[in-house]
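Participant: Below: one structure in structure tokens.
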Amino acid sequence: TISDDVLNHPVLPRAVVFVGGGVIAFELGHVYARASVDVTILEALPHLLGGFDADAVAQIRGESERIGIHVRTLAWVNRIDKVDGRLRVTFVADGIECAVEADRVVNCAGRVANVERLDLGAGVIAHREGRIEIDDHLRSRSNPDVYVCGDALWNSPQLSPIATYEGGIVGRNIVDGPRHRPDYGHIPASVYTVPALASVGLTEAKAKEQGLGVKVHVNDMKDWLSARTYAETVAWSKVIVEETTDRIVGAHMVGHAGEELIHLFALAMKHRITAPLLSDMVFGFPTFASDVRNMM
């Protein structure tokens, strides 16, 4: 089954296996798990939810396992067989061949833009393995009359708000000439599990990889008043601030209405509102937003 069809089936399965440990597997896995379905996520790589901060991923993995989701990394799927009316997924983990049975197996191993059938060569559009070569203005390098945006881009997240943002840049470049470039550094992303994982900017690993001197503020907020008020089972944040400028370069949250609060950090990053200035704001109390000032 592909992920588009998962929620269209009229009968709730007893067990589901997701091949791939990305956003769709976790989001749909939470839907199934909360409907008392036995859920297993198999990821071939050593890490889950690639691109998100490792500590934030550890938080959402722990919460996923708490509600009964089985998560395996470094698990290579070898085959899927029909056995007695069910599906048996055979995989190798830690050098040992294992098997799990399910009523449904969902392919969440990622998607590639369907551009190979467009006869790109006829338009003199250079590409390799489905990846169109573009410049900084989203133009084809080999044919500057052709622009690329949305899921056809291989180097930006496949998210509808980003596709809309890129489409706007393409439109302005067509009208104004190639003057506008996308800036993805302040665009937030969320994994809509329950609770959600939300992120904007650099992960801690990326900040260190770029040689930035940063202060990393990590908070377990489960005992904060707001978290206790809403009986949150996980409430966690990490805010990454450049030491020399107090500029916020990354923020990551699990729970605590993070899918909404992350936009405050994105706004601050886009308009260069420093961490002290954001902390000085007066928020309505009691709200999750009022905790922002204590996260840095």
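Going by the working numbering, the sequence shown opens with residue 191, and the numbers climb by one from there.
Backbone N, C-alpha and C fix where the C-beta goes; we use that ideal spot for every residue, glycine too.
Since we're looking at a predicted model, the values are computed, not measured.
(1) Tell me whether residue 329 sits in a helix, a strand or coil according to DSSP, three-state version.
(2) Sorry if obvious, but does the Cβ on residue 392 come closer than 7 Å to a heavy atom of the ligand PLP?
(3) Give me the residue from 407, 349, 459 and 324 with the minimum Cα distance to residue 338.
(4) Determine the direct distance from the alpha carbon of residue 204 to that of residue 280, and round the result to whole angstroms.
(5) According to the neighbour-count rule (16 or more other Cβ atoms, all chains shown, within 10 Å of its Cβ), is residue 427 buried or exposed?
(6) What is the DSSP secondary structure of residue 388, counted as helix, strand or coil?
(7) Could you tell me which of 306, 484 and 413 sits nearest to residue 467, measuring between CA atoms?
(8) Go ahead and label residue 379 buried or exposed: buried means 16 or more other beta carbons lie within 10 angstroms of its beta carbon, across all protein chains shown.
(9) For residue 387 versus residue 444, is the C-beta spacing smaller than 8 Å?
(10) Give a yes or no on whether the minimum CB-CB distance between residue 277 and chain B is below 8 Å.
(11) What does the Cβ neighbour count give for residue 319, buried or exposed, with the cut at 16 atoms within 10 Å?
(12) For residue 214, name the three-state secondary structure that DSSP assigns.
(13) Can you give me the Cβ contacts of residue 242 inside the same chain, cut-off strictly under 6 Å, excluding the 5 residues immediately before and after it?
(14) Can you say whether residue 195 is buried or exposed, counting buried as having 16 or more other CB atoms within 10 angstroms of its CB?
(15) Tell me the residue span of the alpha helix (DSSP H) that contains residue 252.
(16) Go through the stretch 329–398 residue by residue and report every complete run of the beta strand (DSSP E) that reaches 3 residues or more, in order.
Facilitator: With the structure as the only source:
(1) Here residue 329 is taken as the residue at index 139 of the sequence shown, counted from 1. If DSSP states are grouped into helix, strand and coil, residue 329 belongs with the strands.
(2) As for the ligand PLP, it is missing from this structure, which has no ligand bound.
(3) The residue you call residue 338 lines up with position 148 of the sequence shown. The shortest Cα separation from residue 338 among 407, 349, 459 and 324 belongs to 324.
(4) Walking along the sequence shown from the start, residue 280 turns up at place 90. Walking along the sequence shown from the start, residue 204 turns up at place 14. Taking the straight line joining both Cα atoms gives about 18 Å.
(5) Taking the sequence shown and counting its residues from 1, one reaches residue 427 at position 237. Its Cβ being crowded by 16 or more others within 10 Å, residue 427 is buried.
(6) Position 198 of the sequence shown holds residue 388. Three-state result, residue 388: strand.
(7) Taking the sequence shown and counting its residues from 1, one reaches residue 467 at position 277. Comparing Cα positions, the closest option is 484.
(8) Indexing the sequence shown from 1 puts residue 379 at position 189. It counts as buried.
(9) Stepping through the sequence shown from its first residue, residue 387 is reached at position 197. Stepping through the sequence shown from its first residue, residue 444 is reached at position 254. Yes.
(10) Of the protein chains in the structure, only one exists, and it is not chain B.
(11) Walking along the sequence shown from the start, residue 319 turns up at place 129. Result: exposed.
(12) Translated into the one-based positions of the sequence shown, residue 214 becomes position 24. Note: residue 214 maps to helix in three-state DSSP.
(13) The count along the sequence shown starts at 1 and reaches residue 242 at position 52. Closer than 6 Å at the Cβ level, and outside the excluded window around residue 242, lie 389.
(14) The residue you call residue 195 lines up with position 5 of the sequence shown. By the neighbour-count rule (16 or more Cβ atoms within 10 Å), residue 195 is not buried but exposed.
(15) Numbered from its first residue, the sequence shown carries residue 252 at position 62. 244–256 is the span of the alpha helix (DSSP H), which, as asked, contains residue 252.
(16) 379–381 and 387–391
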